[in-house]
Amino acid sequence: MTPTRSAVAAIAALALLAWPSAAAADERFAPEDRDLEGPMAADDGRFVFFWEEVDLDRFNLFEGYGPGAVSLGVPGADGPLELADVHLGTDAQRQPVLAFSYGTEELSDIYRYDFRTRRETRLSSSRAHCDEAGVRILRGVVYFERYEGSQRARRRCPSGVFAKRPGRKERRLLRAVPGSWDVSPQGTIAFERQIVGPSPGDGSGRRGTSEVRVKHIGRRGSRLVASTRFRVLSRDFYKGPIFAGVTLDEGFVYWLRSDEDSLTGDLLRNRIGAKGRTTKLSSEGRSFKGRGGLGAAESFVVDGDEIYYYSVPLSTNGAIFKVGPGPPQFDE
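Residue numbering for the sequence shown follows numbering that gives the first Met the number 0, starting at 0 and increasing by one per position.
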């Protein structure tokens, strides 16, 4: 599964999240002549990422991890466009498809790529002149986020997270677009929520709560999975831990807990269906915690026992890492 565009932006804002020197054992992939970016996806043994050919002002989508990765040949990727996100999913016949969104900084549309025909198509659920991203396709159902944009477009482009089934009208699942969210084929949606209070006026910063929640589509209310408290000292600086990058995979909800003040971070998970203990990726499983090493981690994806993350090492361009060797271990 994959994080949304807003999730990547939120995680990138926590640029002091440092990855450990222990992660040197993780596999590292970084082509010398290309600039890797953050959006990537993993599901059912497939891994997709993109790199930008800076000199040609063009990006390209690739499948596979490592030097053997092959281009998907997505057309229409030339020009001053930005890829917001990618997601591996399934169509109504449960055949693998790739969903992604790209466009300008102000406006993006959502697309589907068919591995069999090697062609992309703009989804009919994508409205003209609306800013849309975070697209997922699960068993033929399209999930995506939409932003209000200009005041003129608000009536045509209401904000929120939506679901569109073939032959049916779209349905709004969440009225506000969370910092990150994900949905499962079983109809569970997990999302990040931040609640920030008013300024106390004494210079100590506004107090906030960062939460991870899950809910079943069609039911009212949501269940709290985890929460933590922080303080907002300025627009770009938080004191205390904060959550980001909510992702669902095989009955678990995953998320990042990072602390900009102490330069630490952990990858956490909890079971979706019932109250359970939150566990974190252990040091033996390449812990997402520590002060040195690989620089800022901006995003991650999970596919069963495979965990990939994108990071910008301090001395080189961005690289994609694969947790290993062996299956990751999570400890209480």
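Just so it is clear, CB atoms sit at the ideal spot from N, CA and C, and this is done for glycine as well.
Which of helix, strand or coil DSSP assigns to residue 205:
strand
Where does the unbroken beta strand (DSSP E) through residue 122 begin, and where does it stop?
Careful: residue 122 lies outside any beta strand (DSSP E) and carries neither H nor E.
For the pair the segment 273-281 and the segment 180-196, tell me if three or more CB-CB distances fall below 8 Å.
no
Cutoff 6 Å; reference residue 342; Cβ partners in own chain excluding five residues on either side:
The chain is shown only over 0 to 331; residue 342 falls outside these bounds and no answer can be derived.
At a cut-off of 7 Å, would you count residue 218 as near the ligand FMN, judging by its Cβ distance to the nearest heavy atom?
This structure lacks the ligand FMN, and indeed carries no ligand of any kind.
Residue 246 by DSSP, collapsed to three states: which one?
strand
Relative to the C-alpha of residue 199, which candidate in 211, 170 and 232 has its C-alpha closest?
232
If you draw a straight line from the C-alpha of residue 291 to the C-alpha of residue 259, how long is it?
Any reading at residue 291 must be qualified, since the residue scores a pLDDT of 38, below 50, and its modelled position is unreliable; no value is offered.
Tell whether a beta-carbon distance below 8 Å holds between residue 125 and residue 136.
no
Would you list the one or two residues that DSSP bridges to residue 70?
61
For residue 85 and residue 201, what's the separation of their Cα atoms in angstroms?
43 Å
Sorted by chain position, which residues of the same chain lie with C-beta nearer than 8 Å to residue 205's C-beta, five sequence neighbours on each side aside?
195, 196, 197, 198, 199, 230 and 231
Residues bridged to residue 160 (per DSSP)
144 and 173
With a 10 Å radius around its C-beta and 16 neighbouring C-beta atoms as the bar for buried, classify residue 98 as buried or exposed.
buried
Counting only the same chain and skipping the five closest in sequence on each side, list residues whose C-beta sits under 6 Å from that of residue 163.
124, 141 and 169
In three-state DSSP terms, what is residue 264?
strand
Label residue 23 either buried or exposed according to how many other C-beta atoms from any shown protein chain fall within 10 Å of its C-beta, with 16 as the threshold for buried.
Any reading at residue 23 needs caution, since the residue's pLDDT is 46, under 50, leaving its predicted position unreliable; the model's value is listed next. With fewer than 16 other Cβ atoms within 10 Å, it is exposed.
With DSSP run on the structure shown, which of helix, strand or coil describes residue 133?
strand
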